[in-house]
Amino acid sequence: MSKLDQYKNDDIRDTRSGFGAAMDILGETNENVVAMCADLTGSLKLNDFAKKHPERFVQAGIAEANMIGMAAGLAIAGKIPFATSFAEFVTARVYDQVRQSVAYSNKNVKIAASHAGLTLGEDGATHQILEDIGLMKMLPGFTVINTCDYNQTKAATLAVAEMEGPVYLRFGRPKVPNFTPADQKFEIGKGVMLNEGNDVTIVATGHLVWEAIEAARVLEAKGTSCEVINIHTIKPLDAPMILKSVSKTACVVVAEEHQKHGGLGASISTLLAENKPAPIEFVAVDDKFGESGKPADLMKKYGLSSGDIVNAVEKVIKRK
Amino acid sequence: MSTQELEKIASQVRRDIVRMVHAQSSGHPGGSLGCTEYFVSLYFKILERAEDFDMKGKNEDLFFLSNGHISPVFYSVLARSGFFPVEELNTFRMLNSRLQGHPTTHEGLPGVRIASGSLGQGMSVAIGTAMAKKMNGDDKIIYSLHGDGELQEGQIWEAVMFAAHNKVDNLISTIDYNQKQIDGPLEEVLDLGNLEAKFKAFNWDVMHIEQGNNMQAVLDGLAKAKTKTGKGKPVCVIMHTEMGKGVDYMEGTHKWHGNAPNDEQLASALNQLEETIGDY
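In order, the protein sequences belong to chains A and B.
First residue of the first sequence? That's 73 in our numbering, and the numbers climb one at a time after it.
First residue of the second sequence? That's 3 in our numbering, and the numbers climb one at a time after it.
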């Protein structure tokens, strides 16, 4: 029996609900946690927090720049603000505010972002940010996390509340298989080894982790031994785990719901170029904006499905 | 401390400003000179603060500088009021200095709680800390300073709207109303219109300090502003100042917003500003 068989798709939930569940816990357990939202309380699953802890809930209105500045101010006085919205509106829209008031000022602000990537769906490209990981990982001192399912998002939210320093926590809108064990400890900066193998390393983040598992099943059935790594922390990157794996497999495929330029794939390319050059293929959006559509259809059209990972693996193995 | 003593400190601070900017041929003397009375009043009289710097500033009045380019006056007053050695003013804008061109926490300079420079962000930060004070049961006050040109940034008006809606009434935001910016008079570059009416329309409590370069007037004005706190509205002080105040050739023009005096100009400036508590 393959280790891959343990990852089930019988529990389907959205990552953002994992965030909301963790915020409910933090509301009860950490009096310094402040939840902030810019007119998207329901989308961020913060309704319960807002109801139970109105004195620690900040409704910023549709004014994200002000929200980020206020988060920095709250952090100065010892609060742990979670500034939340759709990923587009707490990264690209407010990059200067995040850069100066949070990153450069080294404030303990957690930026929590839902609806990242193409899987936002029908609202289209104005809202489907595919550049946020690149933007946020470039800011000195920022920790960047992109979670894959409900349980991992919940655990990540609890973990970032405990660490000191600015964090970008990215998750999404759709319901996806919740396969991470509920008791799995979230270790910031550590990859999760999902399957050990010898022929190829598949590194995936966020919603693409499930696609990587599906792809590995297909590939293993065809006799290709796949090492599958879930990288939830894009920065700091778990370089030892990736380098050790590529030392064994000698090639890598990186899968992410993000632009190819500037994403996790770019980070891994740099890591390999500096330490251990090896063939690499990217399953990512290649210099395009998204469009309206059903999430699954968009993932197919833009080349982010398990089938695309299978094709990339077959291609990269030939390049060894 | 008497008003006369504060005026003596202000004269020294003005000497610091022109000397710092001259030393590196770089920096912003105009707005710094115009806000000297405000800073001296605040740090030597108005703020209820602890001797030692603590980032969280619990149970202290706190100040946020939003228009970070007037760092010379901020640094001089922080040093002169004991946050760091006055000799360190020698390092302004130099490599490896804690006194960066624009104020920052990054180098760990005591007295600074947030980076500012990219304009329009400081009021939001001040509101955040003001709200945290309320959450923490801390009844002290947050002061912030903003350039008038800076009010052209949209984020300011997001913050103005938020503070009124949420009754952030432990906040006194002062506007350095010199009516000049880099490219010229406000009314030519981008007119603010009726500033008092704008803040009132957003439901702030608005008052003026008509003589922002008169020490007694600033002291009285800030004392009056404090009486307006705790009444359900944020407080806006429109402080009428003169850019470049105290150095005759810098007054009445926007041209010294971000220009440094040469050797001859420095000598002329220092002749007009009495050395009172000693040059650094």
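All C-beta atoms, glycine included, are put in the ideal place defined by N, C-alpha and C.
**Request:** State the DSSP-derived secondary structure class of P153 of chain A, mapped to helix, strand or coil.
**Result:** Start at 1 with the first residue of the first sequence, and residue 153 of chain A comes out as number 81. Secondary structure at P153 of chain A: strand, using DSSP grouped into helix, strand and coil.
**Prompt:** DSSP on S173 of chain A, reduced to helix/strand/coil?
**Reply:** The residue labelled residue 173 of chain A in the question sits at position 101 within the first sequence. The three-state reading of DSSP puts S173 of chain A in helix, counting H, G and I together.
**Buried/exposed call for R82 of chain B, threshold 16 Cβ in 10 Å** = To locate residue 82 of chain B, count along the second sequence from 1; it is residue 80. A residue is called buried when at least 16 other Cβ atoms come within 10 angstroms of its Cβ; R82 of chain B meets this threshold and is buried.
**Other residues of its chain near H242 of chain B: CB distance less than 6 Å, five sequence neighbours each side excluded** = Position 240 of the second sequence holds residue 242 of chain B. Cβ-Cβ distances below 6 Å link H242 of chain B to Y179, E212 and G214 in the same chain, with the five nearest sequence neighbours on each side left out; the list follows chain order.
**Within-8 Å CB hit, E266 of chain B to chain A** = As a first step, residue 266 of chain B must be located in the second sequence, where it is residue number 264. Not closer than 8 Å to any Cβ of chain A, the Cβ of E266 of chain B fails to qualify, so no.
**Message:** I'd like the span of the alpha helix (DSSP H) that includes F91 of chain A, first residue to last.
**Reply:** Looking up residue 91 of chain A in the first sequence gives position 19. Note, F91 of chain A: alpha helix (DSSP H), T87 to T101.
**Message:** With DSSP as the reference, identify every bridge partner of Y283 of chain B, one or two as the case may be.
**Reply:** As shown, chain B starts at 3 and ends at 282. That puts residue 283 of chain B outside it, with no answer to give.
**Prompt:** Can you name the start and end residues of the beta strand (DSSP E) that E189 of chain B belongs to?
**Reply:** Position 187 of the second sequence, counted from the first residue, corresponds to residue 189 of chain B. In the DSSP assignment, E189 of chain B falls outside any beta strand (DSSP E) and lies within the alpha helix (DSSP H) extending over L188 to V191.
**Prompt:** Comparing the C-beta of N138 of chain B with each C-beta of chain A, is any distance below 8 Å?
**Reply:** Indexing the second sequence from 1 puts residue 138 of chain B at position 136. Yes - at least one Cβ of chain A is within 8 Å of the one on N138 of chain B.
**Request:** Output yes or no for whether 8 Å exceeds the beta carbon distance between I205 of chain A and A231 of chain A.
**Result:** In the first sequence, the residue the question calls residue 205 of chain A occupies position 133. In the first sequence, the residue the question calls residue 231 of chain A occupies position 159. No, the Cβ-Cβ distance between I205 of chain A and A231 of chain A is not below 8 Å.
**Request:** With a floor of 4 residues, list each alpha helix (DSSP H) that falls wholly inside the region 86–114 of chain B, ordered by position along the chain.
**Result:** Restricting attention to alpha helix (DSSP H) runs no shorter than 4 residues, the region 86–114 of chain B encloses none.
**Asked** Given L8 of chain B, which residues of its chain have a CB within under 7 Å of its CB, disregarding the five upstream and five downstream residues?
**Response** For the purposes of this step, residue 8 of chain B is identified with residue 6 of the second sequence, where counting begins at 1. The answer, listed in chain order, is V42, S43, F46, K47 and M217.
**Asked** Counting pairs of Cβ atoms below 8 Å between the region 182–193 of chain A and the region 148–163 of chain A, do you hit three or more?
**Response** Verdict: yes, contact present.
**Asked** With 8 Å set as the bound, which would you pick, yes or no: does the beta-carbon of A149 of chain A sit closer than that to a beta-carbon of chain B?
**Response** Within the first sequence, residue 149 of chain A is the residue found at index 77, counting from 1. Closer than 8 Å to some Cβ of chain B, the Cβ of A149 of chain A qualifies, so yes.
**Request:** Give the range of the alpha helix (DSSP H) segment to which S249 of chain A is assigned.
**Result:** Position 177 of the first sequence, counted from the first residue, corresponds to residue 249 of chain A. Checking the displayed sequence, the identity of residue 249 of chain A turns out to be Pro instead of Ser. Boundaries for P249 of chain A: no alpha helix (DSSP H) harbours it, while the beta strand (DSSP E) harbouring it runs K247 to P249, taken from the DSSP string.
**Asked** Alpha carbon to alpha carbon, what distance is there between Q154 of chain B and L192 of chain B?
**Response** In the second sequence, the residue the question calls residue 192 of chain B occupies position 190. In the second sequence, the residue the question calls residue 154 of chain B occupies position 152. Cα to Cα, the separation comes out at about 8 Å.
**Asked** In chain A, which residues lie less than 8 Å from G119 of chain B when you measure between Cβ atoms?
**Response** Taking the first residue of the second sequence as 1, we reach residue 119 of chain B at position 117. Residues of chain A passing the Cβ test: Q172.
**Message:** Strictly by DSSP, which residues pair up with C109 of chain A?
**Reply:** By one-based count along the first sequence, residue 109 of chain A stands at place 37. A:Q131 and A:T156, per the DSSP bridge assignment.
**Prompt:** Going by the CB atoms, is the gap between H304 of chain A and G189 of chain A shorter than 8 Å?
**Reply:** Residue mapping note: residue 189 of chain A aligns to position 117 of the first sequence, counting from 1. Residue mapping note: residue 304 of chain A aligns to position 232 of the first sequence, counting from 1. No.
**Item:** Whole-angstrom distance between P367 of chain A and V272 of chain A, CA atom to CA atom
**Value:** Here residue 272 of chain A corresponds to residue number 200 of the first sequence, with the count starting at 1. Here residue 367 of chain A corresponds to residue number 295 of the first sequence, with the count starting at 1. About 28 Å.
**Message:** Rounded to whole angstroms, what is the Cα-Cα separation between A288 of chain A and D83 of chain A?
**Reply:** If you number the first sequence from 1, residue 288 of chain A lands on position 216. If you number the first sequence from 1, residue 83 of chain A lands on position 11. Rounded to the nearest whole angstrom, the CA to CA distance from A288 of chain A to D83 of chain A is 20 Å.
**Asked** What residue range is occupied by the uninterrupted alpha helix (DSSP H) comprising V382 of chain A?
**Response** The sequence position of residue 382 of chain A within the first sequence is 310, counting from 1. Here the alpha helix (DSSP H) through V382 of chain A covers S378 to K390.
**Prompt:** With C-beta atoms as the reference, is I129 of chain B less than 8 Å away from V75 of chain B?
**Reply:** Taking the second sequence and counting its residues from 1, the one referred to as residue 129 of chain B is at position 127. Taking the second sequence and counting its residues from 1, the one referred to as residue 75 of chain B is at position 73. With respect to V75 of chain B, I129 of chain B sits apart: the two C-beta atoms are not nearer than 8 Å.
**Request:** Starting from D54 of chain B, trace the alpha helix (DSSP H) both ways and give me its first and last residue.
**Result:** Within the second sequence, residue 54 of chain B is the residue found at index 52, counting from 1. No alpha helix (DSSP H) holds D54 of chain B; DSSP gives it neither H nor E.
**Message:** Whether or not the region 98–116 of chain B and the region 64–78 of chain B are in contact is what I'm after, with contact meaning three or more pairs of Cβ atoms, one per stretch, closer than 8 Å; do they touch?
**Reply:** Taking a cut-off of 8 Å for Cβ pairs, the region 64–78 of chain B and the region 98–116 of chain B touch, as three or more such pairs fall below it.
**Message:** So if DSSP puts K307 of chain A in a beta bridge, which residue, or which two residues, is it bridged to?
**Reply:** Locating residue 307 of chain A in the first sequence gives position 235, counting from the first residue. According to the DSSP secondary-structure assignment, K307 of chain A is paired through a beta bridge with A:V216.
**R242 of chain A, buried or exposed, once every other Cβ within 10 Å from all chains shown has been counted against 16** = Residue numbering aside, residue 242 of chain A sits at position 170 when the first sequence is read from its first letter. Classification of R242 of chain A: buried, given that the 10 Å Cβ count is 16 or more.
**Beta carbon of L268 of chain B nearer than 8 Å to that of S13 of chain B** = Residue mapping note: residue 268 of chain B aligns to position 266 of the second sequence, counting from 1. Residue mapping note: residue 13 of chain B aligns to position 11 of the second sequence, counting from 1. Cβ distance not < 8 Å, so L268 of chain B and S13 of chain B don't count as in contact.
**Item:** Minimum C-alpha distance to D150 of chain B - residue among B:N98, B:P112 and B:G122
**Value:** Along the second sequence, read from residue 1 onward, the residue named residue 150 of chain B stands at position 148. Nearest C-alpha to D150 of chain B among B:N98, B:P112 and B:G122: B:G122.
**Message:** Please report the straight-line C-alpha distance between I201 of chain A and N250 of chain A, rounded to a whole angstrom.
**Reply:** As a position in the first sequence, residue 201 of chain A is number 129, starting the count at 1. As a position in the first sequence, residue 250 of chain A is number 178, starting the count at 1. Taking the straight line from one Cα to the other gives about 23 Å.
**Asked** Since E234 of chain A sits in a beta bridge, which residues does DSSP pair it with?
**Response** Taking the first residue of the first sequence as position 1, residue 234 of chain A is located at position 162. According to DSSP, E234 of chain A bridges with nothing at all.
**Prompt:** Are at least three pairs of beta-carbons, each pair with one atom in the region 315–323 of chain A and one in the region 359–377 of chain A, less than 8 Å apart?
**Reply:** Verdict: no, contact absent.
**Message:** What residue range does the beta strand (DSSP E) around G149 of chain B cover?
**Reply:** Taking the first residue of the second sequence as position 1, residue 149 of chain B is located at position 147. It spans I144 to G149 - the beta strand (DSSP E) in which G149 of chain B sits, taken as one unbroken run.
**Prompt:** Whose CA, out of B:E50, B:E160, B:V239 and B:P31, lies closest to the CA of H148 of chain B?
**Reply:** Numbered from its first residue, the second sequence carries residue 148 of chain B at position 146. For the residues B:E50, B:E160, B:V239 and B:P31, the minimum Cα distance to H148 of chain B belongs to B:V239.
**Message:** Taking the straight line between their C-alpha atoms, what separation do you get for T163 of chain A and L112 of chain A?
**Reply:** Locating residue 163 of chain A in the first sequence gives position 91, where the first residue counts as 1. Locating residue 112 of chain A in the first sequence gives position 40, where the first residue counts as 1. Distance between the alpha carbons of T163 of chain A and L112 of chain A: 15 Å.
**Request:** Quick one: measure Cβ to Cβ for F105 of chain A and G99 of chain A, integer angstroms, because I've assumed they're closer than 8 Å.
**Result:** Start at 1 with the first residue of the first sequence, and residue 105 of chain A comes out as number 33. Start at 1 with the first residue of the first sequence, and residue 99 of chain A comes out as number 27. A small fix is needed here, since residue 105 of chain A is Val in this sequence, not Phe. Contact holds; Cβ gap of about 7 Å.
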